[in-house]
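Student: Taken in sequence, the protein lines are chains A and B.
Residue numbers for the first sequence follow this note's numbering, so the first one is 1 and each next one is one higher.
Residue numbers for the second sequence follow this note's numbering, so the first one is 1 and each next one is one higher.
2 protein chains.
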Amino acid sequence: MLTIGRLASYAGVTIRAVRHYHQVGLLPEPERDASGYRSYDANAVVRLIRIRTLAEAGVPLARVRELLDADPEAFAAASAEIDRQLRTQIRALQEHRRRIARLGCGDSLAVPEKVVDYLDRLAAIGAPAAAIEAERDAWILIAARWPESIPMLMTDKVTQLANPKVVRLYRLIGRIAEDWTDEKLLRETADLMSELLEQAAVSGELDQQTEVMPDAAFIRLMDSFADAAHPAVARLRELVAERGWTGWTVFAKRDP
Amino acid sequence: MLTIGRLASYAGVTIRAVRHYHQVGLLPEPERDASGYRSYDANAVVRLIRIRTLAEAGVPLARVRELLDADPEAFAAASAEIDRQLRTQIRALQEHRRRIARLGCGDSLAVPEKVVDYLDRLAAIGAPAAAIEAERDAWILIAARWPESIPMLMTDKVTQLANPKVVRLYRLIGRIAEDWTDEKLLRETADLMSELLEQAAVSGELDQQTEVMPDAAFIRLMDSFADAAHPAVARLRELVAERGWTGWTVFAKRDP
DNA sequence: CTTGACCTTGACGCAGCGTCAACCCCGCAT
DNA sequence: ATGCGGGGTTGACGCTGCGTCAAGGTCAAG
Numbered sequence: 001m002l003t004i005g006r007l008a009s010y011a012g013v014t015i016r017a018v019r020h021y022h023q024v025g026l027l028p029e030p031e032r033d034a035s036g037y038r039s040y041d042a043n044a045v046v047r048l049i050r051i052r053t054l055a056e057a058g059v060p061l062a063r064v065r066e067l068l069d070a071d072p073e074a075f076a077a078a079s080a081e082i083d084r085q086l087r088t089q090i091r092a093l094q095e096h097r098r099r100i101a102r103l104g105c106g107d108s109l110a111v112p113e114k115v116v117d118y119l120d121r122l123a124a125i126g127a128p129a130a131a132i133e134a135e136r137d138a139w140i141l142i143a144a145r146w147p148e149s150i151p152m153l154m155t156d157k158v159t160q161l162a163n164p165k166v167v168r169l170y171r172l173i174g175r176i177a178e179d180w181t182d183e184k185l186l187r188e189t190a191d192l193m194s195e196l197l198e199q200a201a202v203s204g205e206l207d208q209q210t211e212v213m214p215d216a217a218f219i220r221l222m223d224s225f226a227d228a229a230h231p232a233v234a235r236l237r238e239l240v241a242e243r244g245w246t247g248w249t250v251f252a253k254r255d256p
Numbered sequence: 001m002l003t004i005g006r007l008a009s010y011a012g013v014t015i016r017a018v019r020h021y022h023q024v025g026l027l028p029e030p031e032r033d034a035s036g037y038r039s040y041d042a043n044a045v046v047r048l049i050r051i052r053t054l055a056e057a058g059v060p061l062a063r064v065r066e067l068l069d070a071d072p073e074a075f076a077a078a079s080a081e082i083d084r085q086l087r088t089q090i091r092a093l094q095e096h097r098r099r100i101a102r103l104g105c106g107d108s109l110a111v112p113e114k115v116v117d118y119l120d121r122l123a124a125i126g127a128p129a130a131a132i133e134a135e136r137d138a139w140i141l142i143a144a145r146w147p148e149s150i151p152m153l154m155t156d157k158v159t160q161l162a163n164p165k166v167v168r169l170y171r172l173i174g175r176i177a178e179d180w181t182d183e184k185l186l187r188e189t190a191d192l193m194s195e196l197l198e199q200a201a202v203s204g205e206l207d208q209q210t211e212v213m214p215d216a217a218f219i220r221l222m223d224s225f226a227d228a229a230h231p232a233v234a235r236l237r238e239l240v241a242e243r244g245w246t247g248w249t250v251f252a253k254r255d256p
């Protein structure tokens, strides 16, 4: 007969594991010899190998017990179920591989350089600090989601800043930051935004944005983020919506 | 700014997980608002998404911290390493699938019927109870390891029992069980075994056995099991070895 | 008789959170 | 102003599947 150490090494598990299986009632406590040592037979080896096989496959010990004590048909059904779970896990791991790869290619964890450049230019034209912070946060999120699109998007944004109307927009936003209850100011801003959006729609810029960021849930997240940033955002969204534009992070012409 | 609940839902983790990441220093504690609520910015979302991605891939949190605070090259190297581990895990899971499948097809956990038949015949020809128990244990192990070979092996074994010399062997074993210090008896038994092994070698039976059970480590396990069963086994092995045969569970002609 | 390799029970430790408990806070309807 | 529902806060214990001491008893060998 076998001592616990030999049993464990035959089955390829640790002694501690065997004792744990005794504790949880997975493996019956065997007879003891004169000196109190546990004394195992071949049945124990077989059962232990089965326990190990199931446990290594990730089956919780509680279920292992059910399985080993079940009749053959039930066991077959359950092992088919486990097989399905294993396949699912394998697919999940493959998915993780892809995601890890994407994490690696994202330009570290800092805000991308291109974005920093753009934010500096925003500051240069007199955009308010609060707006710049909000934009930074938004671009960090976008960069985390679609790192490969950032250079193109930033190039576009910088180009837009050459437009005097865009500069005026940020000046207006600066005034709103000081007093966001001025309805006249808000409406003026909304008018200007509407005008700029019209231009962007004509040049195909809006369609391009929805193409580059094709994740509606994510966009909603960003929008709600913007709403939370400042009450004026919600009001501006309303006013711009009255002028036929829905969205915020990405705008679209509302269905007529 | 975000509350903890919104942060968690954006990143796809639980609130409790976020707080845990704070505790272990993975995610910095953010500012609090007037009422003591944590108030997160976009950086937190990004960092949290990265944490989740790594953690879900099975990376321990301690390593996640190292990784996130590492420079991009180190990160790239580490993520390559993680990718390798994921591949290994995937292969392991596939291996588990195969083993679980084999578990299912093994005739439950009891000793196979064919083996019971064989053991009954052993008893019928007068083999001692101790020897029968030892054989039962051995066959349980073999059946657990190669269930598909059991019918063939048992058919062979039953056929062997038709050989009067085999019957005589078991009778001798019965006498050894009563007094295992009788060297003359042991030598007589070894001579008989040697003779039978010679026949088995000529008929190709021995080669067939090593083919059917191609796992040297497992065979050593069985041998040591036999040694532990009774001191006479060890002595018999020596004597049979002197006659040119190594092994026990499976014999082979020793290299000359 | 010692030594070293085994065995015994008992207990605490670990990750990565889940899950109470007991309490604040905020907006909304009454 | 009051109650309610759905947030948030800290603190603490629970869970799995063992690893890892601690403080010994046992056994074979030298």
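A virtual CB, placed ideally from N, CA and C, is assigned to each residue, including glycine.
Small disclaimer: the values here were computed from a predicted structure and weren't measured.
How about residue 124 (chain A) and residue 1 (chain B): are their beta carbons less than 8 angstroms apart?
Tutor: For the purposes of this step, residue 124 (chain A) is taken as the residue at position 124 of the first sequence. For the purposes of this step, residue 1 (chain B) is taken as the residue at position 1 of the second sequence. Result no, Cβ atoms of residue 124 (chain A) and residue 1 (chain B) do not sit closer than 8 angstroms.
Student: Could you name the residues of the same chain whose beta carbon sits closer than 8 angstroms to that of residue 108 (chain A), not counting the 5 residues immediately before and after it, in chain order?
Tutor: As a first step, residue 108 (chain A) is located in the first sequence; it is residue number 108 there, counting from the start. Note that residue 108 (chain A) has pLDDT 49, beneath the 50 cutoff, so the model's placement of it is unreliable and no number is given.
Student: Would you say residue 61 (chain A) and residue 26 (chain A) are within 8 angstroms of each other, going by their C-beta atoms?
Tutor: For the purposes of this step, residue 61 (chain A) is identified with residue 61 of the first sequence, where counting begins at 1. For the purposes of this step, residue 26 (chain A) is identified with residue 26 of the first sequence, where counting begins at 1. For residue 61 (chain A) and residue 26 (chain A), yes; Cβs fall inside 8 angstroms.
Student: Is residue 163 (chain B) buried or exposed, if buried means 16 or more other CB atoms sit within 10 Å of its CB?
Tutor: Walking along the second sequence from the start, residue 163 (chain B) turns up at place 163. So residue 163 (chain B) counts as exposed.
Student: For residue 119 (chain B), which residues does DSSP report across the bridge?
Tutor: Numbered from 1 along the second sequence, position 119 holds the residue referred to as residue 119 (chain B). Beta-bridge pairing links residue 119 (chain B) to no other residue.
Student: Out of A:41, A:72 and A:171, point me to the one whose CA is closest to residue 189 (chain A)'s CA.
Tutor: Start at 1 with the first residue of the first sequence, and residue 189 (chain A) comes out as number 189. Per the Cα distances, A:171.
Student: Does the distance from the C-beta atom of residue 165 (chain B) to that of residue 133 (chain B) stay below 8 angstroms?
Tutor: On the second sequence, position 165 is the one that residue 165 (chain B) refers to. On the second sequence, position 133 is the one that residue 133 (chain B) refers to. No, these two residues do not count as a Cβ contact at 8 angstroms.
Student: Mind listing the chain A neighbours of residue 43 (chain B)? Cutoff is C-beta to C-beta under 7 angstroms, in chain order.
Tutor: One-based indexing of the second sequence puts residue 43 (chain B) at position 43. Under the 7 angstroms cutoff, chain A gives 140.
Student: Helix, strand or coil for residue 40 (chain A)? Go by DSSP, reduced to three states.
Tutor: Along the first sequence, one-based indexing puts residue 40 (chain A) at 40. Residue state, collapsed to three classes: strand.
Student: So with Cβ pairs under 8 angstroms, would you call residue 63 (chain A) a contact of chain B?
Tutor: Residue numbering aside, residue 63 (chain A) sits at position 63 when the first sequence is read from its first letter. No, no contact with chain B.
Student: Spatial neighbours of residue 112 (chain A) within its chain, please: C-beta separation below 6 angstroms, excluding the five flanking residues on both sides.
Tutor: If you number the first sequence from 1, residue 112 (chain A) lands on position 112. Only 143 and 150 meet the Cβ criterion.
Student: For the stretch 239-246 of chain A and the stretch 23-43 of chain B, state whether three or more C-beta atom pairs, one from each stretch, are separated by less than 8 angstroms.
Tutor: no
Student: Got a sec: is the Cβ-Cβ distance from residue 237 (chain B) to anything in chain A below 8 angstroms?
Tutor: Counted from its first residue, the second sequence places residue 237 (chain B) at position 237. For residue 237 (chain B), the answer is no, since every Cβ of chain A falls outside 8 angstroms of its Cβ.
Student: Report yes or no: is there a C-beta of chain A within less than 8 angstroms of the C-beta of residue 1 (chain B)?
Tutor: Here residue 1 (chain B) corresponds to residue number 1 of the second sequence, with the count starting at 1. Yes, residue 1 (chain B) lies at the interface with chain A (some Cβ there is under 8 angstroms from its Cβ).
Student: Tell me which residues share the same chain as residue 59 (chain A) and place their Cβ nearer than 8 angstroms to its Cβ, disregarding the 5 neighbours each side in the sequence.
Tutor: As a first step, residue 59 (chain A) must be located in the first sequence, where it is residue number 59. Closer than 8 angstroms at Cβ, skipping near neighbours: 67 and 82.
Student: Of the residues that make up the stretch 114-125 of chain B, which ones have a beta carbon closer than 8 angstroms to any beta carbon in chain A?
Tutor: none
Student: Could you tell me the alpha carbon to alpha carbon distance between residue 84 (chain B) and residue 167 (chain A), rounded to whole angstroms?
Tutor: Your numbering for residue 84 (chain B) matches position 84 in the second sequence. Your numbering for residue 167 (chain A) matches position 167 in the first sequence. Whole-angstrom Cα-Cα distance: 50 angstroms.
Student: What is the rounded straight-line gap between the Cα of residue 199 (chain B) and the Cα of residue 159 (chain B)?
Tutor: On the second sequence, residue 199 (chain B) is found 199 positions in, with the first residue counted as 1. On the second sequence, residue 159 (chain B) is found 159 positions in, with the first residue counted as 1. C-alpha separation (whole angstroms): 14 angstroms.
Student: Just grab the DSSP bridge partners of residue 251 (chain B) for me.
Tutor: Here residue 251 (chain B) is taken as the residue at index 251 of the second sequence, counted from 1. Its beta-bridge partners are B:247.
Student: Using beta-carbon positions only, say whether residue 138 (chain B) and residue 14 (chain B) come within less than 8 angstroms of one another.
Tutor: For the purposes of this step, residue 138 (chain B) is taken as residue 138 along the second sequence, with counting starting at 1. For the purposes of this step, residue 14 (chain B) is taken as residue 14 along the second sequence, with counting starting at 1. No. Outside cutoff.
Student: So which residues on chain A does residue 223 (chain B) lean against when the C-beta distance must stay under 7 angstroms?
Tutor: Looking up residue 223 (chain B) in the second sequence gives position 223. Within chain A, no residue comes near residue 223 (chain B); the closest Cβ sits about 12 angstroms away, beyond 7 angstroms.
Student: Under the three-state reduction of DSSP, which class applies to residue 2 (chain A): helix, strand or coil?
Tutor: As a position in the first sequence, residue 2 (chain A) is number 2, starting the count at 1. Strand.
Student: Between residue 11 (chain B) and residue 49 (chain B), which are expected to be in contact by the criterion C-beta below 8 angstroms, what is the C-beta distance as a whole number of angstroms?
Tutor: Sequence index remark: in the second sequence, residue 11 (chain B) carries index 11 (1-based). Sequence index remark: in the second sequence, residue 49 (chain B) carries index 49 (1-based). About 5 angstroms; that satisfies the 8 angstroms criterion.
Student: Which one of B:202, B:208, B:206 and B:213 has the shortest CA to CA distance from residue 147 (chain B)?
Tutor: Start at 1 with the first residue of the second sequence, and residue 147 (chain B) comes out as number 147. Ranking B:202, B:208, B:206 and B:213 by Cα distance to residue 147 (chain B) puts B:213 first.
Student: In angstroms, rounded to a whole number, what distance separates the CA positions of residue 224 (chain B) and residue 31 (chain A)?
Tutor: As a position in the second sequence, residue 224 (chain B) is number 224, starting the count at 1. As a position in the first sequence, residue 31 (chain A) is number 31, starting the count at 1. In a straight line, the C-alpha of residue 224 (chain B) is about 21 angstroms away from that of residue 31 (chain A).
Student: Can you check the stretch 18-97 of chain B for any alpha helix (DSSP H) of at least 4 residues that lies completely inside it and give the ranges in chain order?
Tutor: 42-56 and 61-69
Student: Note down the Cα distance separating residue 29 (chain A) from residue 38 (chain A), rounded to an integer number of angstroms.
Tutor: Position 29 of the first sequence, counting from 1, holds the residue named residue 29 (chain A). Position 38 of the first sequence, counting from 1, holds the residue named residue 38 (chain A). Whole-angstrom Cα-Cα distance: 8 angstroms.
Student: From what residue to what residue does the alpha helix (DSSP H) around residue 161 (chain A) run?
Tutor: Mapped onto the first sequence, residue 161 (chain A) falls at position 161. Neither: residue 161 (chain A) is in no alpha helix (DSSP H) and is coded neither H nor E.
Student: Can you say whether residue 263 (chain B) is buried or exposed, counting buried as having 16 or more other CB atoms within 10 angstroms of its CB?
Tutor: An answer regarding residue 263 (chain B) cannot be provided, because it is not within the stretch 1 to 256 covered by chain B.
Student: Flag residue 17 (chain A) as yes when its Cβ comes closer than 7 angstroms to any non-hydrogen atom of the ligand HEM, and as no otherwise.
Tutor: Within the structure as shown, the ligand HEM is missing, as the structure has no ligands at all.
Student: Note the first and the last residue of the continuous alpha helix (DSSP H) segment covering residue 257 (chain A).
Tutor: Coverage of chain A is limited to positions 1 through 256, which leaves residue 257 (chain A) absent and any answer about it impossible.
Student: Kindly say whether residue 48 (chain B), judged by its beta-carbon, lies nearer than 8 angstroms to any beta-carbon of chain A.
Tutor: Position 48 of the second sequence holds residue 48 (chain B). So, not an interface residue.
Student: Could you check what DSSP says for residue 231 (chain A) in three-state terms: helix, strand or coil?
Tutor: By one-based count along the first sequence, residue 231 (chain A) stands at place 231. In this structure, residue 231 (chain A) counts as helix in the three-state DSSP scheme.
Student: Quick one: is residue 69 (chain A) buried, meaning 16 or more other Cβ sit within 10 Å of its Cβ, or exposed?
Tutor: Taking the first residue of the first sequence as 1, we reach residue 69 (chain A) at position 69. Around the Cβ of residue 69 (chain A), a 10 Å sphere holds fewer than 16 other Cβ atoms; the residue is exposed.
Student: At a CB distance below 7 angstroms, what residues from the stretch 141-170 of chain A approach chain B? Give them in sequence order.
Tutor: The residues in question are 141 and 144.
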